[in-house]
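Below is one structure; the comments refer to it alone.
Chains as they are written, first to last, in this note's numbering: chain W, 1 to 314; chain C, 1001 to 1692.
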């Protein structure tokens, strides 16, 4: 609005005031998510150090509360902005997309953690999520403040297409967590455990084999979840593009990179068909796939401008 | 090529143990005959090849996102790259990756691989899925990754429990059970492959029998669909004739947010066939019109024309024919820039950076325009006795000093006529004027004019030594080149401005004036062809952001702004009183015909469906009757962990301690180890090798 502010009428002044109010609530809720996720990480550390499963339950509860705050944050933005722009959905900038992914991470985490009792899964997830939110809250206001959507984004398609993409990112994020945990335990046992634990190694190593198998499956299952979601998201994007301007695919860098990421994950699923590629190699492959996902999500903004550029970090 | 490990032929599972191969073959039935392995089918059904092709396609696509796509010039524009590398990139068509022969070749190989892979696996898999689950001999059952003993539990109870958990159960010949769940989910990867094929077929169909075009349409104008097809950027050789109907733009408009940003834009379109309006509908972005298989999308917009009223009544519409934007180098004078004061009575912008502005005038005795430096938007005009009120401040024009200056000289150098801008020689501590440098013979030289009415001196730029002196209308030879000095002044700027005084709220400030012939000052934007107004030939150019911004009327004779007009403003040009009524927007429409839509959409749905079905695990359970109860063995194709959890729950439901049940099935310490996939029972496959 800037220089034209003096010419605005009363109604838009009221909008500005209510926007200010909303951003204050938003700030509080974002901080709550950050603090709760950070606390959860601390509690998960206590669980490992003190070997008390009660801390694991507290950590899980904190993650659930963080998920609620995160949901509240997005709901606040939505409930205010929808009055200004009826087609609004909290996906108008980088910060909102981060919070959207994180709420999906929380949701999937809360389910998956009950299925797989993977050691360190809560700790690494909560720790990384806290870092992500911390970094996101440092974004400049132009990438944080809620904006009305530009015409090309005002559509139900946006809500479904981008939601699916971001939920798939959340699943792939958790597959990445599984993969790095796998690699951690694998190399710890390989490099440290035999020497340090000596005679106890046989028992310890056997426990680790079970852990590694579980983490390998966790990674695989998260890819199996993200893969169809990403396919669905990409395809809906193509259908939307066809509906909005008559072409499914235009090799826009974001489109191309999301296809590249999908291909990398397809390659992951196919290399797993070979037994010797499961485990360590597959975990490294999952890390590589996640790197390509990061390029799709963040890096593409530096490659070119297009419909999908939501904002550069710097 | 299948995501399912057990449908991979043994040849691909690089050196699996003999046991693993036996049990695979036993459970799955023969996947690929051994004789095929070295043949064409064997090579092209390889999963390794599939992975290599997928990764190559992904890497090739990365090239297409890093190198600017379109023309070879995009590659040449990359900085910090050697010529050799650029030539290589051009040779591999890195500027047009997605249509390059090697990329399309990779795609072709990929689809060949996909076809063979799927074909080779689909029939055995179908036979396997249709048949009753095969029974396994005990030696093979013992090698399955899940083993548990259920003491005191009858086979019947296990069967009931399995049925409740949606397993299909069959009685085995030895009194035990064969059961499985999610058998058909094994086809999920093949469903994805089928979907990819449908998309491929759709894409080829669209390329052969569709067209795509985009065009601007002014309100009241008509576009025939045949014309749109004939001029299409992409048109397949088999595209059918769309018919003789036309599309007519009744109306185009937009809506805005309070801050001024465009919210949405709309076109009301009519379909006209044989002079009759058959259909009228309003479209907007994300809401196209479809008629007889041809789609019209709201795609872009712009200013197509400007409306003028000259004196009373003569309305004119001037088309902006140069939509891509023309640049006009302006003549005239600008002042040095200055900061605008903060608007009065507004706290909102107190913290904002103050805008910078400058004044522009076409020449002495012409109005001054106040221009925003950032976007060249015109904020208003000033003339002696005509102050400008802006943001609560008053801007007035004070004394303007003129100098009998020289703006440029016209020279004939070796037969070539050239006009050289001239600047004050003050920076050399000399009186008079110097020109821009130019080349005469081997040397760079410039002109020095101590007195505008006297002769010019040609000076060597490097040594600053005079070479020769030429009087007006005479010639001389310098550095072997004949130079004649024909005219001393250009008409437009003769008698230039030297300085101006701006009174801001009554306080005077002195501004230095620069002659624009010295600078590269230019404006650019969508422009019209030249037209006559008030006896002068002008072009209209929309310089700043089009929404409601002023229009520049540039006199093509002397390249000065004849007027900078806001919508609905009036100005006298020559002997005409001209009113600018504002812009006329055009609607940018994208049109296409695409017979492949049903096929592509079917492919889309198939891929999505297949990918989601792939999340489910095919679980197989074998139950054998033992003396004290029964023994259960099992495996799942998407990892054992969750399957193991299910078996644990089942054991608990049968009233057996799960830990004991799994431990009881574990081989004794001294028992001979049967093979890698059977070494470990329970949820623990060995190391990185999952016995699935």
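The beta-carbon is built from N, C-alpha and C at its ideal position, and this holds for glycine as well.
So is residue i buried or exposed if we call it buried at 16+ other beta carbons inside 10 Å?
i	result
residue 1204/C	exposed
residue 161/W	buried
residue 267/W	buried
residue 1594/C	buried
residue 1709/C	Because residue 1709/C is not part of the residues shown, which for chain C are 1001 to 1692, the question remains open.
residue 1123/C	exposed
residue 1321/C	exposed
residue 258/W	buried
residue 115/W	exposed
residue 1260/C	exposed
Leaving out five residues before and five after residue i in sequence, what residues of the same chain have Cβ atoms less than 8 angstroms from its Cβ?
i	result
residue 262/W	227, 230, 231 and 234
residue 1617/C	1182, 1185, 1636, 1637, 1638, 1639, 1642 and 1643
residue 224/W	269
residue 46/W	52 and 55
residue 1437/C	1444, 1445, 1446 and 1461
Hey, would you say residue i sits closer than 8 angstroms to residue j, going by beta carbons?
i	j	result
residue 1561/C	residue 1573/C	no
residue 1113/C	residue 1049/C	yes
residue 1212/C	residue 1234/C	yes
residue 1528/C	residue 1330/C	no
residue 1357/C	residue 1373/C	yes
residue 1130/C	residue 1053/C	no
residue 84/W	residue 141/W	no
residue 138/W	residue 178/W	no
residue 1107/C	residue 1057/C	yes
residue 1485/C	residue 1477/C	no
residue 286/W	residue 176/W	yes
Keeping to the same chain, check which residues put their C-beta closer than 6 angstroms to that of residue i; ignore five residues upstream and five downstream.
i	result
residue 1555/C	1536, 1538 and 1562
residue 1172/C	1135 and 1178
residue 1621/C	1179 and 1634
residue 1266/C	1253, 1282 and 1284
residue 1656/C	1150
residue 1175/C	1625
residue 1525/C	1325, 1541, 1542 and 1543
residue 1327/C	1522 and 1524
Which value, in whole angstroms, describes the spacing of the CA atoms of residue i and residue j?
i	j	result
residue 1469/C	residue 1460/C	12 angstroms
residue 1092/C	residue 1077/C	17 angstroms
residue 1035/C	residue 1126/C	Here the model assigns residue 1035/C a pLDDT of 49, short of 50, so the residue's position is not dependable, and the following value carries that caveat. Cα to Cα, residue 1035/C sits roughly 21 angstroms from residue 1126/C.
residue 89/W	residue 159/W	7 angstroms
residue 1482/C	residue 1441/C	10 angstroms
residue 1299/C	residue 1195/C	30 angstroms
residue 1189/C	residue 1652/C	34 angstroms
residue 265/W	residue 291/W	11 angstroms
residue 1238/C	residue 1206/C	10 angstroms
residue 1503/C	residue 1362/C	20 angstroms
residue 30/W	residue 127/W	16 angstroms
residue 1351/C	residue 1607/C	Here residue 1351/C scores only 49 on pLDDT, less than 50, and its place in the model should not be relied on; the value that follows carries that caveat. Cα-Cα distance, rounded: 54 angstroms.
residue 173/W	residue 1232/C	44 angstroms
residue 1154/C	residue 1145/C	22 angstroms
For residue i, list the residues DSSP reports as bridge partners.
i	result
residue 1217/C	1587/C
residue 118/W	BP columns for residue 118/W are empty, so no partner.
residue 1477/C	1482/C
residue 1372/C	1357/C
residue 1290/C	1295/C
residue 1380/C	1370/C
residue 1303/C	1585/C
residue 1634/C	1146/C and 1621/C
residue 1542/C	1551/C
In chain order, what residues of the same chain have a beta carbon less than 7 angstroms from the beta carbon of residue i, not counting five sequence neighbours either side?
i	result
residue 238/W	248 and 249
residue 169/W	101, 293 and 297
residue 113/W	60, 121 and 122
residue 1391/C	1343 and 1344
residue 119/W	211
Counting only Cβ pairs nearer than 8 angstroms, list the residues of chain A close to residue i.
i	result
residue 1295/C	Considering every chain present, this structure includes no chain A. Its protein chains are W and C.
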